[in-house]
Every structure is written in structure tokens, then in C-alpha cells.
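All residue numbers for the sequence shown refer to my numbering, where the first residue is 28 and numbers rise by one. Heads up, the thing below is written out as C-alpha cells.
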Amino acid sequence: MRRQVATYEAPKRVPVNPLLLELEQQSRTDGVPIVSRESGRLLSTLVTAMQASRILEVGTAYGYATLCMALAQPRMGRIWTLESDVARTDVARSYFRRAGEDDYIEVFNTPALELLENFPDRHLDIAFVAAGEGEYPAYLELLVPMLKLSGLVIFDHALRAPREFSEAFLGHPDLDATMLGLGDGIAIGARRK
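Dropping the structure here:
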């Protein structure tokens, strides 16, 4: 039996940061994909609930998800975000500056798989991936060991990833994992060992 996933439209009175609204419009105009507003709200909620102060992001694009997490993060928190497209991160950096978050976000313009193999920071609260669905299996294996116990690994567009990713993610021995039907699917796993 196939279940239908109900979609929820947030009430119009829920405030959205004006910079995020502007960033949504710029990404539409430029044709640069970003996470959905609902996915951004989920990230913000998780960061707030965990008081996450050590976040790694793969796939900055224009920095929409980055900014959603940065605005929810406790002061003195840190986000490391990886994006090889310098033109995109130039746009992202301009929004980070305008939001007053640029001191807390470090951008790396290096291919993610190259950098992650030797990334020095560990004990991450959250690792968020929204880039290169075909590389999701490799990201999964590199990121899980970087998480603290109870840290979250989150993949956007999970339903677009190869089937072997879904199987590896949901069956990962170190994760308590699930997939949600939000947008193109969000996979969330908490490190349990």
C-alpha cells in the first residue's frame, strides 16, 4: 500500500528573515538551486534544539541553508562550508556579511571529497550535505566518523541519490536513521556509537 505524504503550508504570519527572502529571490532569478524554505526551517529548528556550535556543510551554493543554520546557532558557533564554485560562494559571502554572520562561517572552495579526507575538525554536532547526490555514499562514510556521539548527519535531496545510498544510510550500524518526504527527501541520522 502506497502512502501519500501530506504537504503543509506554513501560515502566512510566520516571519521569515528578509535576507533569506532576498536570497530565495536571487537564487530563482539566477537559476541556482537552494534548499526549500521548509528544509531551511527544519535545519534551523535542529540547530536550535541541539545548540549546535560545530557544523559542517557540503554544498554552499548561495548560502541559504548555511544562513538558516548560522542564524539559529549560539554565538561563537562555527560553520565550515564547502563549495568549489567561487562565483556562488562570493554571493554567499555577501549575504553572510550582511547578516553579521561572516565571522562564524568559514568557506572552503575545494572539492568536498578531497578536503573531507583530511578535514581536521571532528566532534561535529551536525554535518549537512546538499550537493552531488551521486557522491552521497562516499560522503556518508567520511562524515559519520566526524560526528560526536548523538551528532546528526543530514542529506537533502535524498530521494534523488542512488538506491545504494538509501540502503547504506538506513542500515548504517552507527546511525539511528530515517528519511522524511520533505521536498526531494531529507535523510537524518543520529550517531549512536
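Beta carbons: idealized from backbone N, C-alpha and C, even for Gly.
1. From residue 159 to residue 102, what distance separates their C-alpha atoms?
2. Would you tell me roughly how many angstroms separate the C-alpha atoms of residue 183 and residue 210, rounded to the nearest one?
3. Starting from residue 177, trace the beta strand (DSSP E) in both directions and tell me its first and last residue.
4. Give the range of the beta strand (DSSP E) segment to which residue 204 is assigned.
5. Just the Cα atoms here: how many angstroms apart are residue 202 and residue 77?
6. Cα separation between residue 124 and residue 116?
7. Ordered along the chain, which non-local residues of its own chain (more than five positions away) have a Cβ less than 6 Å from that of residue 59?
8. Tell me which residue opens and which closes the alpha helix (DSSP H) that residue 196 is part of.
9. So is residue 100 buried or exposed if we call it buried at 16+ other beta carbons inside 10 Å?
10. Leaving aside the five residues before and after residue 170 along the sequence, list all residues of the same chain whose C-beta is less than 6 Å from its C-beta, in chain order.
11. Can you name, in chain order, every residue of its own chain whose Cβ lies under 7 Å from the Cβ of residue 62, other than the five neighbours on each side?
With the structure as the only source:
1. Between the alpha carbons of residue 159 and residue 102 lies a distance of about 30 Å.
2. Going from the Cα of residue 183 to the Cα of residue 210 covers about 8 Å.
3. Note, residue 177: beta strand (DSSP E), 174-183.
4. Residues 202-207.
5. In this structure, the alpha-carbon of residue 202 lies about 17 Å from that of residue 77.
6. Residue 124 and residue 116 have their C-alpha atoms spaced approximately 12 Å apart.
7. In chain order, 88 and 89 place their CB closer than 6 Å to the CB of residue 59, counting only its own chain and leaving out the 5 sequence neighbours on each side.
8. From DSSP, the alpha helix (DSSP H) with residue 196 extends over 190-197.
9. It is buried - the Cβ of residue 100 has at least 16 other Cβ atoms within 10 Å.
10. For residue 170, where only same-chain residues beyond five positions count, the Cβ hits under 6 Å are 154 and 180.
11. Excluding residues within five positions, the ones whose Cβ falls inside 7 Å are 91, 92, 157 and 183.
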